[in-house]
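Trainee: Going by full-length UniProt numbering, the first residue of the sequence shown is number 2, and it counts up by one from there.
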Amino acid sequence: DHQQYAAGEPPLPPHVLIFPLPLQGHVNSMLKLAELLCVSHLHVTVLLSEFNHSRLRRHADFESRFSRYSGFRVATIPDGLPDDHPRNGERAIEIVLSLKKVGGFEFRKLIESTDALSDGGSRRRVSCLIMDGVLSFAIPVVEEMGIPFIYFRTASACSFWANFCFKEVMEAGELPLKGKDEDKYAYWKKEELDLIVTSVPGMEGFLRRRDLPSYVRVDNADDPGFQTILTETRRTAASSGLILNTFEDLEGPIMDQIRKHIPNVYSIGPLHTHLKYRLDSEKVESTQNSSSFWEEDRSCLTWLDSQPANSVLYVSFGSVTILSNNEFLEFWYGLVNSGQKFLWVMRPDSIIGNENGDENKVPLELEEGTKARGYMVGWVPQHEVLAHPAVAAFFTHSGWNSTLESIAAGMPMLCWPYFADQTINSRFVSDYWKVGLDIKDTCDRVVIEKKVREIMQERRDEFVERARSMAELAKKAISEGGTSSSNLNRLIEFIKASI
Ligand code: UDX
């Protein structure tokens with residue numbers, strides 16, 4: 002690549018193209034990696050969907066967050082969906098299927114047009130691709146051009162590994178489960194869901210069928226979404242490596258299993274604290290770090306400021322979950338009846354029916370209970386909320402970012418996984434790391450009330466003690482000499498060597 006810089010000029014740094022799946026949880030963690038690479042003076046282009054790029058520019062202080070890095074750029078491609086597509090709930094998979102259709106063409110167009118990415122010759126051509134899972138349409142394009150690619154799977158190592166083993170689990174006859182897709186809480190036989198899964202190495206005797214990612218609950222062998230996840234996860238083995246937002250003390254034994262198939266695993270998490278640590282070491286100011294698709298309502302911090310220490314349950318089900326009106330009411334009664342204070346994130350699109358304004362009238366007891374002890378907002382700065390002294394526990398859908406953020410904050414969790422990888426994360430939270438409770442497959446106000454009291458009072462101390470020691474391990478991992486820190490350095494060396 003010597004012709005890429007004029008004689009006497011210093012050589013241009015490597016140029017990494019980062020391609021996240023256009024979903025909040027994925028964009029959040031991959032932007033953090035982008036920033037970490039910028040801190041190390043690499044050139045980075047992040048490829049966003051046009052739809053999400055315009056949301057980021059509208060709602061987050063996105064431009065100012067990245068303007069401090071001379072090496073950072075954004076490129077966009079269409080996701081192929083109409084603007085009014087909901088892009089949430091079970092329909093989130095349609096983003097993947099749509100990208101599969103249009104992405105190959107759009108990606109090739111982008112990467113072959115040197116103008117789009119070279120910025121008038123001030124950047125070299127892309128020297129390494131870091132891509133999310135299920136975007137394998139990009140592989141033939143980069144392979145033709147001799148550009149190495151690395152996967153970044155934004156979920157936990159344990160859910161990645163379970164996905165990787167689906168083929169064997171199916172061959173062993175442990176999948177699919179048999180049931181009808183009607184009432185989510187009634188159609189599965191308890192005895193079948195409680196059967197132990199034996200064919201995921203490293204998790205024998207630990208996982209129950211109910212803990213497996215939700216898309217295997219129906220016989221969806223022909224379902225295009227399921228097939229995509231199955232085949233694309235296996236394909237990871239053909240890459241130059243796999244980046245995971247986790248750390249060795251948390252998921253080391255599972256990563257040892259993964260390393261038998263993909264030798265080069267870079268565990269570099271928790272990314273949010275890792276980034277903060279490196280920014281502090283480089284003396285870069287880190288005030289702006291939001292990449293929210295929704296406007297953050299900071300009034301919740303003022304409300305928290307007025308609450309006693311360790312008195313509030315933080316409730317959020319992430320960026321994709323949609324509740325039925327019935328689920329919403331069960332949660333609400335459970336929270337109000339528990340007598341605990343709560344801060345609850347309800348995205349504008351998080352209840353079925355809300356869009357049309359046809360939700361039922363709120364019962365008086367809920368209204369009064371909420372006025373007395375609760376605060377509801379559309380979207381919050383979650384890192385700041387989890388770090389707030391008034392917050393005592395996190396009622397979560399067990400998305401991987403939320404789980405890691407909670408662990409790094411030493412915060413106990415009450416888990417109600419909604420779908421996908423979340424069902425396995427919550428199993429690990431409750432039964433392996435033992436930092437919380439798992440109430441998957443129930444949505445009953447009496448159970449919720451009881452479990453809220455358990456996490457906030459009766460068992461909080463025991464969970465806090467373990468959560469804090471895990472937070473210490475997380476801190477050690479990202480500090481100089483720690484496993485995540487060394488892995489990130491190794492990743493940067495690989496990228497530098499690939500020009
Ligand atoms: C889903 C998956 O469950 C997750 O495991 C996968 O890797 C990505 O897709 P999501 O539902 O978005 O993710 O949950 P999660 O992974 O927890 O990510 C949500 C992110 O939004 C977190 O980083 C959280 O800090 C942030 N958030 C959430 C806010 O900033 N404000 C809020 O009010 C709620």
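All residues carry an ideal CB built from backbone N, CA and C; glycine is no exception.
Assuming Ser403 and Ser317 are in contact, meaning their beta carbons sit under 8 Å apart, how far apart are those beta carbons, in whole angstroms?
Mentor: Confirmed, about 7 Å.
Trainee: When you compare the CB positions of Ala76 and Thr46, do they come within less than 8 Å of one another, or not?
Mentor: Going by beta carbons, Ala76 and Thr46 fall inside the 8 Å limit.
Trainee: Whose CA, out of Glu113, Cys129, Arg74 and Cys159, lies closest to the CA of Asp120?
Mentor: The residue with the shortest Cα to Cα distance from Asp120 is Arg74.
Trainee: Does the distance from the CB of Asp195 to the CB of Arg218 come in under 8 Å?
Mentor: no
Trainee: Could you work out which residue in Ile112, Leu118 and Arg154 is closest to residue 512 when comparing CA atoms only?
Mentor: Nothing about residue 512 can be reported from this structure: the residues present for the chain run from 2 to 500 only.
Trainee: Identify the continuous alpha helix (DSSP H) that holds Val198 and give its terminal residues.
Mentor: No alpha helix (DSSP H) contains Val198, which DSSP labels as neither H nor E.
Trainee: So the candidates are Phe248, Pro271 and Leu243; which of them puts its Cα closest to the Cα of Ile259?
Mentor: Leu243
Trainee: Specify, as a first and last residue, the run of the beta strand (DSSP E) that Lys342 falls within.
Mentor: Lys342 to Val346
Trainee: Buried or exposed: Leu48, going by 16 or more other Cβ atoms within 10 Å of its Cβ?
Mentor: buried
Trainee: Is it the case that the CB of Asp422 approaches a heavy atom of the ligand UDX more closely than 7 Å?
Mentor: yes
Trainee: Expressed to the nearest angstrom, what Euclidean distance is found between the alpha-carbon atoms of Ser407 and Gly122?
Mentor: 43 Å
Trainee: Apart from the five residues just before and just after Glu296, which ones in its own chain have a Cβ nearer than 6 Å to its Cβ?
Mentor: Taken in chain order, the residues that qualify are His60.
Trainee: Identify the continuous alpha helix (DSSP H) that holds Cys416 and give its terminal residues.
Mentor: Careful: Cys416 lies outside any alpha helix (DSSP H), inside the beta strand (DSSP E) at Met414 to Cys416.
Trainee: So, is Arg154 buried or exposed, given that buried needs 16 or more other C-beta atoms within 10 angstroms?
Mentor: With 16 or more other Cβ atoms within 10 Å, it is buried.
Trainee: Does DSSP classify Ile96 as helix, strand or coil?
Mentor: Ile96 falls in the helix class under three-state DSSP.
Trainee: Residues bridged to Gly437 by DSSP?
Mentor: Met414
Trainee: Which one of Leu37, Pro21 and Glu286 has the shortest CA to CA distance from Glu51?
Mentor: Closest option to Glu51, Cα to Cα, is Pro21.
Trainee: Give, in chain order, every unbroken run of the beta strand (DSSP E) that is at least 3 residues long and sits entirely within the region 290 to 332.
Mentor: 313 to 317
Trainee: Can you check which of these residues, Ala35, Gln25, Pro11 and Pro12, is closest to residue 1 by C-alpha distance?
Mentor: Nothing about residue 1 can be reported from this structure: the residues present for the chain run from 2 to 500 only.
Trainee: Does the beta carbon of Ala156 fall short of 7 Å from some heavy atom of the ligand UDX?
Mentor: yes
Trainee: Tell whether a beta-carbon distance below 8 Å holds between Thr331 and Cys166.
Mentor: The question names Thr, yet the displayed sequence has Glu at residue 331. No, these two residues do not count as a Cβ contact at 8 Å.
Trainee: Tell me, please, which residues DSSP counts as bridged to Ser268.
Mentor: Assignment of beta-bridge partners to Ser268 by DSSP yields Leu245.
Trainee: Given that a residue counts as buried once 16 or more other Cβ atoms are within 10 Å of its Cβ, and exposed if not, what is Gly81?
Mentor: With 16 or more Cβ atoms within 10 Å of its Cβ, Gly81 is classed as buried.
Trainee: Taking the straight line between their C-alpha atoms, what separation do you get for Trp304 and Thr397?
Mentor: 20 Å
Trainee: Does the Cβ of Ile197 have 16 or more other Cβ atoms within 10 Å, making it buried, or fewer, making it exposed?
Mentor: exposed
Trainee: Near Asp250, what residues of its chain come up, given a Cβ to Cβ distance below 7 Å and the 5 sequence neighbours on each side ignored?
Mentor: Leu474 and Ala478
Trainee: If I follow the unbroken beta strand (DSSP E) through His44, where does it start and stop?
Mentor: Per DSSP, the unbroken beta strand (DSSP E) holding His44 starts and ends at His44 to Ser50.
Trainee: The ligand UDX and Trp345: does the residue's C-beta get closer than 7 Å to at least one heavy atom of that ligand?
Mentor: no
Trainee: Kindly indicate which residue of Ala394, Met132 and Gly270 has the alpha-carbon position closest to the one of Lys476.
Mentor: Gly270
Trainee: Within the same chain, show all residues whose beta-carbon is closer than 7 Å to that of Ala468, passing over the 5 residues directly before and after it, in chain order.
Mentor: Ile408, Gly411, Met412, Pro413 and Val436
Trainee: Quick check on DSSP: helix, strand or coil for Arg454?
Mentor: Helix at Arg454.
Trainee: Our contact map puts Val386 next to Tyr315 with C-beta atoms below 8 Å; I'd like the distance itself, whole angstroms only.
Mentor: Val386 to Tyr315, Cβ: 6 Å. Contact.
Trainee: Can you tell which of Thr229, Ala373 and Ile496 has the C-alpha that lies nearest to the C-alpha of Lys102?
Mentor: Ranking Thr229, Ala373 and Ile496 by Cα distance to Lys102 puts Thr229 first.
Trainee: Helix, strand or coil for Ile352? Go by DSSP, reduced to three states.
Mentor: strand
Trainee: Are the CB atoms of Arg124 and Leu13 within a distance shorter than 8 Å?
Mentor: yes
Trainee: For the candidate residues Gly340, Trp345, Glu328 and Glu368, whose alpha-carbon lies nearest to that of Ile353?
Mentor: Glu328
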